[in-house]
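Residue numbering for the sequence shown follows my numbering, beginning at 24 and increasing consecutively.
C-beta atoms are modelled at their ideal positions from N, C-alpha and C, and glycine is treated no differently.
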Amino acid sequence: MPRPRARADEPPEDVPEIVVRRSARRTKTVNAHFSGDAVVLSVPQRATRAQIAHWSATLVPRVVAKRRAAEAASRARHTNTVLEEMAQRLSRTYLGGRARPTSITWSSRQHTRWGSATPATGAIRISQRLADAPAWVLETVVLHELVHLLEAHHNERFWEMARRHPRAHDAAQFLDGVAWAERNPAEGADRE
């Protein structure tokens, strides 16, 4: 069945809203970036309509392509296969290959934990809230859950193994900061 045709006064679906911001401080340079779902085009105060149309035609497609490439890379990083490969590598590197999960998957149902492990079944789940975290943060959470397959409780043996990752301390601080920010949203943070 053919798609209904867009009306002439409607932009195509894949073209974002363009917000033009004129700036008295900006005299020669032009900038385009996403703010939410819209592309903000910052132009000099005296820019003509023709100049703005030209900049929109050249800069907006670049910004859209850059975002699409970043989203595609992000989706590729967020597969269960990537988690499985990471878990195997971390187990070999830090645990002598002893931790062997039966499954490791992303979970959209974990809102208060970064990850969880079930030692009896060998299953590990990682919160999708970590999907865009730095790789070293994700690695330390995966390692933490791998250690739970070997040592169920947070005792001295557990922490000795979990802290083998060189950035374990940094990751703990990063996650504490994220958790604090989630509990204490900045006033007016949704405004631009």
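Which residues share a DSSP beta bridge with arginine 44?
Ser65
At a cut-off of 7 Å, would you count tryptophan 137 as near the ligand ATP, judging by its Cβ distance to the nearest heavy atom?
The model on display carries no ligand, and the ligand ATP is accordingly not part of it.
Is the separation between the beta-carbon of threonine 125 and that of glycine 145 shorter than 8 Å?
yes
Which word fits threonine 163, buried or exposed, when buried means at least 16 other C-beta atoms lie within 10 angstroms of its C-beta?
buried
Simplified DSSP assignment, three categories, for arginine 90
In the displayed model, arginine 90 falls within a helix according to three-state DSSP.
Whole-angstrom Cβ separation of alanine 70 and arginine 45, contact assumed at under 8 Å?
7 Å
Extent of the continuous alpha helix (DSSP H) to which histidine 192 belongs:
Note, histidine 192: alpha helix (DSSP H), 191 to 206.
Cα separation between histidine 134 and valine 201?
Rounded to whole angstroms, histidine 134 to valine 201 spans 12 Å at the Cα level.
Asparagine 54 - containing beta strand (DSSP E), residue span:
54 to 58
Sub-8 Å separation of glutamine 151 and serine 130 beta-carbons:
Against a cut-off of 8 Å, the Cβ pair of serine 130 and glutamine 151 comes out as a contact.
Neighbourhood of valine 170 by C-beta distance below 8 Å, restricted to the same chain and skipping five residues each side
Leu118, Ala122, Phe181, Met184 and Ala185
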